[in-house]
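The structure appears below as structure tokens.
2 protein chains.
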Amino acid sequence: MTYCLGLVVNAGLVLASDSRTNAGIDYVTSVSKLHVFQPSPDRLFVLLSAGNLASTQEVLNLIRRDLDQPPSGLSLMSASYLFEAADYVGRINLAVQCDRGPALAAHGVSAETTLILGGQIAGQPPGLFLIYPQGNYFAASPETPYLQIGENKYGKPALDRIARPELSLEDAARLCLVSLDGTSRSNVTVGPPFEVAIYPRDSLALSYRLKLPQDSPLLAQMSQSWNAGLRKAFEQLPRFDWEAPPTADVPELQTGALAASS
Amino acid sequence: MTYCLGLVVNAGLVLASDSRTNAGIDYVTSVSKLHVFQPSPDRLFVLLSAGNLASTQEVLNLIRRDLDQPPSGLSLMSASYLFEAADYVGRINLAVQCDRGPALAAHGVSAETTLILGGQIAGQPPGLFLIYPQGNYFAASPETPYLQIGENKYGKPALDRIARPELSLEDAARLCLVSLDGTSRSNVTVGPPFEVAIYPRDSLALSYRLKLPQDSPLLAQMSQSWNAGLRKAFEQLPRFDWEAPPTADVPELQTGALAASS
């Protein structure tokens, strides 16, 4: 499984991914799912992938070959608008599905890959697109400034509560890590290294690209801090009318204190 | 869709459910999914249901008829152990699936219903079982003291972080409400009224049975409090090494303050 997500905020874009991949439960490895393309200084693209790993790699290979040997039609280099880049990647993705799908389906395997494309072309606003295996795509919007692919449910409630265009890039990156961390706790097929790419609007360059391994101190601190914060939020929930009111400002969850107030 | 869950803690059991049901997106109604059976003073059962509504009602009808007209074999009245009650309900459920399945499958509809059975028989410990449409079942354990049916992913991270046998019954009930509330925010087919049954160990009676409608003040307070707690937890996450440290003890999320610290 996989979990990737992107946030578009007023200050720019944040794209993040886990790195766990598995072909059956006894073949679990690690692979990067965050791919950066900057074919010229006037454009930058980040692609996140979830699905069949061979399909994903084929899509990436074809994108790279088109940059090396420019086709007559669209490529990441020739696209004038971000939606054209999404359309281009979607058509390559669909071609791969159509080519590989039947042979894989005969063995009960899906060839499908779903992608998130984020980036900016000079003179155009930055944007974030979800690209389906069928090649079509849609953009994130201020009302729902995040997109997710792969194992998206566990990490969605935090996004629904916190994601909004006013977040700073760093807060958006923290939110991605919280969402990834929660997902990896609830689904063992999602796991570190967690990769994060931070793109400040109109900069045409990533300001930071992080790769946080399992033993990353920052990841451990982030996870512990979120865990403690959630426990504190839980402890401060309103009491039922038959209970005594909560003890004020208990620094952390204390079972004894809670039992005493029940 | 549906979301039901149960927690077994040292102090007893808590079972909770949403009440939204839908047959297509244009037929959304409300129905209780929390069913209490107390055929005699020495036993109490709570059944939660997720799946085909007609199948669920048929299972409930057959259970009630067996209490009215005792069969020669098992019933909720004759079971000596809780696992026998789970086995009995599972066999009824399987019989309903086998009877209704083919006709429904011909129209692309699933007859499946999944159930959670919690309760206690005098002289036996309380317990909590998940019963599959295929009739088999398994019990919650101290390592994983919760069971979920229906739309279980959105509400799982909070359970994974907080659920444990030492929780008081009230804390367990609050956790169920937090899990239900988060799920209903992320999936519109899960919604209030939220029902909660609280069973103190060895009491053979529910101490509280709540039904919290959409406009319940307690539900609104619980949701707002959890939301505020999560935002505070988010705001206190560690900073990246290129950022200034967080402002200490900001009472609630202030976009300006966060932007200034980034």
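These protein sequence lines are chains E and C, in that order. If you read the first sequence in full-length UniProt numbering, its first letter stands for residue 1, the second for the next number, and so on. If you read the second sequence in full-length UniProt numbering, its first letter stands for residue 1, the second for the next number, and so on. Quick reminder that beta carbons are idealized off the backbone N, C-alpha and C, glycines included.
- Residues of chain E whose Cβ lies closer than 8 Å to the Cβ of G6(C) do not exist; the shortest such Cβ separation is about 18 Å.
- For I121(C), the closest alpha carbon among the candidates Y208(C), A85(C), P142(C) is that of A85(C).
- For R100(E), same chain residues with a beta-carbon under 7 Å away, outside a window of 5 residues either side, are S55, A111 in chain order.
- At a cut-off of 8 Å between beta carbons, I162(E) contacts chain C.
- Secondary structure note for R201(E): it is in no alpha helix (DSSP H), with a DSSP letter that is neither H nor E.
- Taking 7 Å as the Cβ-Cβ cut-off, the segment 144-157 of chain E approaches chain C at K153, Y154, K156, P157, given in chain order.
- In chain order, G182, T183, S186, N187 place their CB closer than 7 Å to the CB of Y154(C), counting only its own chain and leaving out the 5 sequence neighbours on each side.
- Distance check between L218(C) and each of A173(C), C98(C), G118(C), L204(C) places A173(C) closest, using alpha-carbon atoms only.
- Each residue's CA atom was taken as its position, placing T2(E) and L117(E) some 16 Å apart.
- In this structure, the CA atom of S32(E) is about 48 Å from the CA atom of I92(C).
- Only those residues of the segment 188-200 of chain E whose C-beta falls short of 8 Å from the nearest C-beta of chain C would be listed, and there are none.
- Taking 4 residues as the shortest admissible run, the segment 125-175 of chain E contains the following complete alpha helix (DSSP H) segments, listed from N- to C-terminal end: 156-162.
- Interface residue (Cβ-Cβ distance to chain C less than 8 Å): P238(E) is classified as such.
- In the three-state reduction of the DSSP assignment, P70(C) falls in the coil class.
- Those residues of the segment 223-234 of chain E placed with their C-beta closer than 8 Å to a C-beta in chain C are S225, W226, N227, A228, G229, L230, R231, K232, A233, F234, ordered along the chain.
- The alpha-carbon separation between D215(C) and V190(C) amounts to approximately 15 Å.
- Looking at the DSSP output, T114(E) shares a beta bridge with A50(E).
- DSSP, reduced to helix, strand and coil, places E243(C) outside both helices and strands of the structure shown, so it counts as coil.
- A Cβ-Cβ contact shorter than 8 Å links A11(C) with S168(C).
- If you draw a straight line from the Cα of N22(E) to the Cα of L212(E), it is about 19 Å long.
- Put simply, the CB of R174(E) is near chain C, with a gap under 8 Å to one of its CB atoms.
- Remark: C-beta atoms of P39(C) and L76(C) approach each other more closely than 8 Å.
- When the alpha-carbon of R43(E) is set against those of G229(E), L82(E), A103(E), the nearest one is in L82(E).
- Residue-level contact by beta carbon holds for E170(E) and chain C, with a gap shorter than 8 Å.
- For K232(C), the secondary structure class from DSSP, reduced to helix, strand or coil, is helix.
- Look at G182(C): its C-beta is under 8 Å from a C-beta on chain E.
- By the neighbour-count criterion, in which 16 or more other beta carbons inside 10 Å mark a residue as buried, V8(C) falls on the buried side.
- Close to L218(C), with beta-carbon spacing below 9 Å, are these residues of chain E in chain order: P238, F240, D241.
- Less than 8 Å separates the beta-carbon of L15(C) from that of A197(C).
- A residue is called buried once 16 or more other Cβ atoms fall within 10 Å of its Cβ, and Q148(E) is buried on that count.
- According to the DSSP assignment, L210(E) belongs to the beta strand (DSSP E) that extends over 208-212.
- When Cβ-Cβ separations below 8 Å define contact, V36(E) makes no contact with chain C.
- In this structure V28(C) is exposed. Its beta-carbon is surrounded by fewer than 16 other beta-carbon atoms within 10 angstroms.
- Using a Cβ-Cβ cut-off of 9 Å, Q221(C) is close to L237, P238 of chain E, given in chain order.
- Burial check for S203(C): the Cβ neighbour count within 10 Å stays below 16, so the residue is exposed.
- According to the DSSP secondary-structure assignment, L44(E) is paired through a beta bridge with Q120(E).
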